[in-house]
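Just so you know, we're using the UniProt record's numbering here: the sequence shown kicks off at 1 and counts up by one.
Note sheet for the following structure.
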Amino acid sequence: MAAAITFLLALFLTVPATAQTQNEPERRLEGIVVDDKGEPLTGAIVKDKTHNETTVTDVDGKFSLRAKSDRITVDITYIGMKPAHWSGNYKDACLVAMEDASETLEGVVITGYQQLDRRNLTSSVTSKDMSELEIGGVSDISKMLEGKIPDLISFTGSGEINATSKIRIRGTSTLVGNREPLWVVDGIIITDPVELTSDVLNDPDYINRIGNAIAGINPQDIKRIDVLKDAAATALYGTRAANGVIVVTTKSGREGKAIVSYTGQFTLRKRPYYTDSKINLMNSSERVQFSQYLAAQHYVYPSGMAKVGYEEALSQLYSGLITQEEFERRVQQMETRNTDWFDILTHNSFSHDHSVSVSGGSEKARYYTSVGYTSSDDVIDNNMNDRYTAMAKVDLDLSSKFKFEMNINGYLNKRKYNQTEVNPIDYAYHTSRTIPAYNADGSYYYYQREGQGTYNGYLRFNVLNELDNSSIRQNTGAVTTTLNLRYQPLDELFFNAVVSANVQNATIENWWGEQSHYVGSLRRAEYGEEIPSDSNLPYGGQFGRQTNKTVGWTTRLQGNYNKYFGPLMQHNVNVALGFEASGSHYTGDSYTQRGYYADRGRSFATNIPTSYTTYWNWMQTNTPTITDTRSNILSAYATLSYSFRDLFTANVNGRFDGSNKFGSRSNENLLPIWSVSGNANLISIFGLKPKWLNALNLKASYGEQGNMLDGQTSELIIRKGQMDAYYNEMTSTVVAFANPDLDWEKTHSTNVGLEASLLDNRLQLEAEYYYKKTTDAFMNKTISDINGYTSYVINGGTVTNSGFNFTLTATPVKMRNFYWIFSGSLSKMYNKIKSAPGAEEYELDNFLGGTAVVDGQPVGTFWSYKFLGLSPVDGGPIFEDLEDRQREFSQSSKYDLYTTLLTPSGKREPDLTGSISNTVTYKQWRLGATLLYNFGASTRLFRLFDGFTGAQYSTAYSSEQNVNRDLMNRWMKPGDEATTNIPAIMGSGNINFRLYYANHWGDNQNTIWKTGPVTTGNYYTMYDYSSARVVSADYVKLSTLSLTYEFTAKQLARLKLDRLALTLTGYNLKTWCDRALRGQTPTQGGFSQVQLSDTPSYTLSVNINF
């Protein structure tokens, strides 16, 4: 991959040669370019950097280049080789032997504060050029990191274009705080456009459609990404870096003639189909047969069921509203209807991305500018994402001692997506295919569905009408300006002064139209009908808006001293000392207003009669919410490094942070964040001289980091409220209670790594082991409400994370026109909680969903009922439910009861991840393939008895609900329990159902003791959340498959271009996973709504330089 990087950069820098004047005598440099084996290299770029003369070697490796003077210096670049240089008289014989450019231990690492020589690196950092990460058709950088960075997990609960990935680096170190890494762009920390609480971000079922800190960065502007993982690497970022740091470095200007580059990407993405292996639902005929079976069993349907489908036709037949002939005609139509909800609610989408950049400059002034536009059309109807980006960077050498850099970048992001209550994928998955979407005349087909919220009357419903009359629209944007002045009075000493300011704005609009079912429920009447006096929304629809603005600033003054000394210059001291101050001012407001007319100039209804008392009562309590917070941090940091020859390097880092958001006690006991680390060159130390071993380095680090939870305060914060008419006094409410004793959450980290380069650098190996222990971890503690609040945060937890990673990069074949690079990585992580939470802290849903903290278990462990099998008598589910211990459990705490009654079923996040990549180059062709794998996670199958309410004598199958085809393999007769674990469906005529399955003893409304925590409502809900419905979420995925053609020099000359490359990329092409998943992908789970899975996409990319 590094070979490809070299080639792309070389081509990017290529400019057309200018003609010599006719009067100037012809001078030509003749030469040959070969590899380190003496084989000629075809297509190598040879460039006279001073005069912008460029040529390409022929099939014999020969070149001829015009020279404008007797002396000439040329740069030579070639894919898979290190850049080479030659200088001499144009008449001299020029033979250039290029060296292999496979990834070696050489190069630099960028931490945001420093640029370090990788050979002296003492910390755990993974560096990737953007060409190694870029995926055609993917505009979200966080998704590109999946499987590419050892010890980093990137995952998302939905395949929507607007869904943001969650990222974990080396496990989860905090139980309550934010678990996301810190993002740094060109040395400046950037934040999310909208502040979300840690509880929301850490929820495994939360789909973040708002976007993260990096959402506005154009991948085409990124040069490289460095991921800092251990304490030695992240210590300089202080308290904000407890979860790791991702450093993004953008492209800069270059010397030479202006180069204009265009990158265009055109993507087709496949929508879901019922024929997909991951969708296992009944067709119309099977669904009608299922309904007929239920009717034959005298099945009692739930109250409030939608009036549609076979059940509604049967009800009308029994009521005498239709004849037998009409009933049979309707049934026949239903059996063959097979409404394709996925076709109606999704589509094969087309997206396109365009980026144009201009770079160039002189020896003393260089520039890079770019603009970008991305139009992402989701396969889900009404979902879209448009992004506009711009960037300008200027580097000036003001004098031999002063250098100045200015960087301005900005973006505007426009998103549209559906309301959570109208999830098209969930609707398509759960809605019977016997129901039509349209009438014969093409108009919408409506059926009667029970109202939402407190209204239980019936209203007409059509999902397309809901989508037409609802939406969420979001606009986010930001502008960041960074100024960097560098003063270098001595060769070994320089100072940097950095000033950065940024402004972020976000607006989210939430709309429900007056013709929607949602508003009809608030109105308590159909659109156009008489409005009752108890209406919550007599006129118009509902409109909500949330606006947020963040103004941030950073100033930094840093001095760097790098000195070699000694008789042989064998000693090196590198010192950096800096002071940093940063702050942010976050303001926001949100409101919801009713009576909104989107089609009448976006106006609101006025003069609403006071006879609508329910509406006016709502208006009295409907007040806007205003947010105004400030965060300021003052820091001092230092790093000291000593190297002796090429034998070893020792390093010490330290930082102190003080902030207005920390508790008073933690500021009194200022926690230093520090690390010590070292690197040893084992070849030099032990005098190893095998020819097959090129490099062997050992590194180790140890450090301590601290973290403080947002939203905590050392003082009681009260919001002054409004006049209370009853008491005739002004009121106030408590916003945050004082928590002055809250101390730092501390993480101690150990890292040991070994790096090796073998066989003329054709084989690169790297292995690391780490151990992290977090003490005084933040935990929520439930207390009596007599205190005025029910919970607060304490230091009470301990969490450990340990693991190892292994990375291999090899060049198995390196020939004249054929080049093969293989790379693979493997990361294993162990996580464990070593402290128990409060006995009443977590509810049953927390255990079943994997958000409860349990002593001795990994973070994200979910629990299930212990399934024993099916009854041989009636096929009902049997559990180890400890019914004989009811009296004991009536006195138990929630924690003790749930950890006894339930069984741990696995983790929701994988603990073994990695990738396997191959890149093969043959002449102008390059083929790449990447496999990703995730192991160690488990998931829950989609619920078979979804919607089960626990109502007596009913398993709550609704007439509008589609059914998983697995139910066709349910228990039907004695003996089936030996071949299936899917329970029988029982009607009210089955006395065993009424006696044993309708209500579980653990429902404290039915238990004989009437006390104690609720364990469940019924046995069929228990089944859906039982160990029988847990399967492995392990998978191997063909993530990308790409083919690139680089046009030859002759072809480019005819086209008058410097570079033209075409690439076809397939993404998310194939997933291999457990067959037991039947009907869902391993990244989906039966924990919440059904979300869009990752669907295949196909992208054509065009790269042009001229």
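Ideal Cβ positions, reconstructed from N, Cα and C, are used throughout, including at glycine.
Predicted model, so just to flag it, every value in this text is computed and none were measured.
Between residue i and the rest of its own chain, which residues show a CB-CB distance below 6 Å, the 5 nearest in sequence each way excluded?
i	result
Tyr-367	Gly-253, Gly-361, Val-394
Asp-534	Thr-614
Leu-912	Lys-828, Phe-935, Gly-936
Gln-952	Low local confidence applies: a pLDDT of 38 at Gln-952 is under 50, so the model's placement there is unreliable, with the coordinate-based value given in what follows. Closer than 6 Å at Cβ, skipping near neighbours: Ala-998.
Thr-55	Val-46, Phe-63, Leu-65
Ser-127	Val-109, Asp-226
What separation, rounded to the nearest whole angstrom, lies between the Cα atoms of residue i and residue j?
i	j	result
Ala-680	Leu-1100	46 Å
Leu-412	Gln-504	10 Å
Gly-540	Thr-1063	51 Å
Phe-1106	Leu-65	20 Å
Glu-132	Thr-733	53 Å
Ser-351	Val-185	27 Å
Ser-893	Ser-938	27 Å
Leu-634	Asp-657	6 Å
Asp-205	Ser-611	42 Å
Asp-35	Thr-275	52 Å
Ala-638	Thr-111	14 Å
Arg-449	Met-305	7 Å
Leu-1092	Ile-380	8 Å
residue 1108	Val-1102	Any property of residue 1108 remains undetermined from this structure, which presents the chain solely from 1 to 1106.
Thr-554	Ser-864	48 Å
Thr-809	Asn-707	36 Å
Thr-955	Pro-302	Residue placement at Thr-955 is flagged as unreliable, the pLDDT there being 49, under the threshold of 50; the coordinate-derived value follows with that caveat. Each residue's alpha carbon lies about 8 Å from the other.
Pro-193	Gly-171	25 Å
Thr-249	Asn-817	33 Å
Ile-135	His-354	14 Å
Glu-326	Leu-314	11 Å
Val-920	Arg-926	6 Å
Leu-844	Ala-636	46 Å
Who are the near neighbours of residue i in its chain, counting only those whose CB is closer than 7 Å to its CB and skipping five residues on each side?
i	result
Val-854	Ile-833, Thr-861, Thr-899
residue 1111	Any property of residue 1111 remains undetermined from this structure, which presents the chain solely from 1 to 1106.
Asn-969	Thr-980, Ile-982
Ser-432	Arg-287, Gly-309, Glu-960, Gln-961, Asn-962
residue 1141	Limits of the chain in this structure are 1 at one end and 1106 at the other, which puts residue 1141 out of reach.
Ser-154	Ser-142, Lys-143, Leu-145, Glu-146, Ser-165, Ile-167
Do residue j and residue i have their beta-carbon atoms positioned less than 7 Å apart in this structure?
i	j	result
Met-1022	Phe-879	yes
Asp-776	Asp-741	no
Asp-386	Ser-349	no
Pro-872	Asn-831	no
Ser-1027	Lys-866	yes
Ile-794	Lys-773	no
Pro-150	Gly-244	no
residue 1157	Thr-1095	This structure leaves residue 1157 out entirely; the chain is present only between 1 and 1106.
I want to check one thing, is the minimum distance from the CB of residue i to the heavy atoms of the ligand SAH below 6 Å?
i	result
Leu-931	Because no ligand of any kind appears in the structure shown, any question about the ligand SAH cannot be addressed here.
Grab me the residues of residue i's own chain with a C-beta within less than 8 Å of its C-beta, minus the 5 sequence neighbours each way, in chain order.
i	result
Thr-21	Here Thr-21 scores only 37 on pLDDT, less than 50, and its place in the model should not be relied on; the value that follows carries that caveat. The answer is none, since no qualifying residue turns up.
Glu-363	Glu-255, Asp-397
Gln-292	Tyr-310
**Study point:** Sufficient close CB pairs (3 or more, under 8 Å) joining the segment 812–829 to the segment 784–798
**Key:** no
Point to revise | Length at least 3, wholly inside the segment 617–667: the beta strand (DSSP E) runs in chain order | key: 625–644, 648–659
Practice item. Flag this pair as touching only if the segment 1087–1097 and the segment 1040–1049 have three or more C-beta atom pairs under 8 Å; answer yes or no. Key: no
Exercise for review: For the segment 463–478 and the segment 400–419, state whether three or more C-beta atom pairs, one from each stretch, are separated by less than 8 Å.
Suggested key: yes
**Study point:** Inside the segment 956–995 only - beta strand (DSSP E) runs reaching at least 3 residues
**Key:** none
Practice item. State whether the segment 520–537 contacts the segment 437–457, with contact taken as three or more CB pairs (one from each stretch) at a distance under 8 Å. Key: yes
Exercise for review: Would you check if the segment 614–630 and the segment 638–647 touch, i.e. whether three or more CB-CB distances between them fall below 8 Å?
Suggested key: no
Practice item. Count the CB pairs spanning the segment 541–558 and the segment 581–599 that are closer than 8 Å, and state whether there are at least three. Key: yes
Exercise for review: May I have a chain-ordered list of the beta strand (DSSP E) segments no shorter than 3 residues that lie completely inside the segment 467–504?
Suggested key: 470–490
Check your understanding: Pairing CB atoms from the segment 717–728 with CB atoms from the segment 693–701, are three or more of them under 8 Å?
Key -> no
Practice item. Entirely within the segment 372–417 and at least 4 residues each: give me those alpha helix (DSSP H) ranges in chain order. Key: none
Point to revise | Inside the segment 92–158 only - alpha helix (DSSP H) runs reaching at least 4 residues | key: 130–133, 141–144
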